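Single-structure report; data block below.
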Amino acid sequence: MERFYSALDAIIAMKKIRGVNTYCRLNNIDRRNFIAQRKDLERGWFQLSWLHPMVKDYGVSAKWLLTGFGRMFEEQK
5 MERFYSALDA IIAMKKIRGV NTYCRLNNID RRNFIAQRKD LERGWFQLSW
55 LHPMVKDYGV SAKWLLTGFG RMFEEQK
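According to our numbering, the sequence shown is numbered sequentially starting from 5.
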(Lines of atoms letter the chains of each structure in order from A and count residues from 1; the text may use other names and numbers.)
(Lines give C-alpha, C1' and ligand atoms only; values in the text may rest on other atoms or scores of the structure.)
Protein backbone atom coordinates (compact mmCIF):
# COMPACT_ATOMS: atom_id res chain seq x y z
CA MET A 1 0.00 0.00 0.00
CA GLU A 2 2.83 2.38 0.76
CA ARG A 3 4.19 1.95 -2.79
CA PHE A 4 0.72 2.61 -4.20
CA TYR A 5 0.43 5.90 -2.32
CA SER A 6 4.02 6.84 -3.22
CA ALA A 7 3.24 6.26 -6.90
CA LEU A 8 0.05 8.31 -6.60
CA ASP A 9 2.03 11.18 -5.06
CA ALA A 10 4.54 10.95 -7.94
CA ILE A 11 1.76 11.01 -10.54
CA ILE A 12 0.27 14.09 -8.90
CA ALA A 13 3.71 15.78 -8.67
CA MET A 14 4.24 15.11 -12.39
CA LYS A 15 0.86 16.80 -12.99
CA LYS A 16 -0.62 13.80 -14.78
CA ILE A 17 -3.68 14.28 -12.56
CA ARG A 18 -4.77 17.09 -10.27
CA GLY A 19 -5.06 15.09 -7.07
CA VAL A 20 -6.63 12.30 -5.06
CA ASN A 21 -10.18 13.46 -5.78
CA THR A 22 -9.52 13.28 -9.52
CA TYR A 23 -8.00 9.79 -9.28
CA CYS A 24 -10.98 8.56 -7.27
CA ARG A 25 -13.56 10.18 -9.53
CA LEU A 26 -12.00 8.92 -12.76
CA ASN A 27 -11.71 5.38 -11.43
CA ASN A 28 -14.98 5.05 -9.47
CA ILE A 29 -13.22 4.72 -6.12
CA ASP A 30 -14.98 5.72 -2.90
CA ARG A 31 -12.90 8.75 -1.90
CA ARG A 32 -13.79 8.48 1.79
CA ASN A 33 -12.52 4.89 1.97
CA PHE A 34 -9.46 5.83 -0.09
CA ILE A 35 -8.51 8.69 2.26
CA ALA A 36 -9.31 6.73 5.43
CA GLN A 37 -7.15 3.84 4.19
CA ARG A 38 -4.24 6.19 3.57
CA LYS A 39 -4.48 7.58 7.10
CA ASP A 40 -4.58 4.10 8.63
CA LEU A 41 -2.91 1.42 6.51
CA GLU A 42 -4.26 -1.29 8.85
CA ARG A 43 -7.87 -0.39 8.05
CA GLY A 44 -8.41 -3.10 5.41
CA TRP A 45 -10.34 -1.12 2.77
CA PHE A 46 -7.59 -1.21 0.15
CA GLN A 47 -8.67 -2.89 -3.07
CA LEU A 48 -6.43 -4.35 -5.74
CA SER A 49 -8.64 -2.72 -8.37
CA TRP A 50 -7.16 0.63 -7.30
CA LEU A 51 -3.85 -0.50 -8.86
CA HIS A 52 -5.17 -1.19 -12.35
CA PRO A 53 -5.56 2.43 -13.59
CA MET A 54 -2.17 3.29 -12.17
CA VAL A 55 -0.53 0.61 -14.31
CA LYS A 56 -2.75 0.99 -17.39
CA ASP A 57 -3.12 4.79 -17.57
CA TYR A 58 -0.03 6.22 -15.86
CA GLY A 59 2.75 3.76 -16.66
CA VAL A 60 3.50 2.64 -13.11
CA SER A 61 5.32 -0.69 -13.09
CA ALA A 62 3.11 -3.53 -11.86
CA LYS A 63 6.25 -5.40 -10.81
CA TRP A 64 7.38 -2.46 -8.70
CA LEU A 65 3.92 -2.01 -7.14
CA LEU A 66 3.65 -5.65 -6.14
CA THR A 67 7.25 -6.54 -5.28
CA GLY A 68 9.17 -3.30 -4.81
CA PHE A 69 11.78 -4.39 -7.37
CA GLY A 70 12.70 -2.34 -10.40
CA ARG A 71 11.71 1.20 -11.25
CA MET A 72 8.49 2.93 -10.27
CA PHE A 73 7.64 3.74 -13.89
CA GLU A 74 7.90 1.55 -16.98
CA GLU A 75 10.39 2.59 -19.61
CA GLN A 76 8.86 4.80 -22.31
CA LYS A 77 8.95 3.10 -25.70
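We put the beta carbon where it would ideally sit given N, CA and C, even for glycine.
As the structure is a prediction and not an experimental result, all values here were calculated from the model.
**Prompt:** Just checking, does the stretch 7-16 make contact with the stretch 54-67 on the three C-beta pairs under 8 Å criterion?
**Reply:** yes
**Prompt:** By Cβ distance, which residues of its chain are closer than 8 Å to methionine 58, with the 5 residues on each side in sequence left out?
**Reply:** Stepping through the sequence shown from its first residue, residue 58 is reached at position 54. The answer, listed in chain order, is Phe8, Ala11, Leu12, Ile15, Val64 and Leu69.
**Request:** Counting only the same chain and skipping the five closest in sequence on each side, list residues whose C-beta sits under 7 Å from that of isoleucine 83.
**Result:** Outside the shown range of the chain (5 to 81) lies residue 83, about which nothing can therefore be said.
**Asked** Roughly how many angstroms separate the alpha carbons of alanine 17 and methionine 76, rounded to a whole number?
**Response** What you label residue 17 is simply residue 13 of the sequence shown in a count that begins at 1. What you label residue 76 is simply residue 72 of the sequence shown in a count that begins at 1. Cα to Cα, alanine 17 sits roughly 14 Å from methionine 76.
**Under the three-state DSSP convention, the category isoleucine 38 falls into** = The residue given as residue 38 occupies position 34 in the sequence shown. Looking at the sequence shown, residue 38 is not isoleucine but phenylalanine. Helix, per DSSP.
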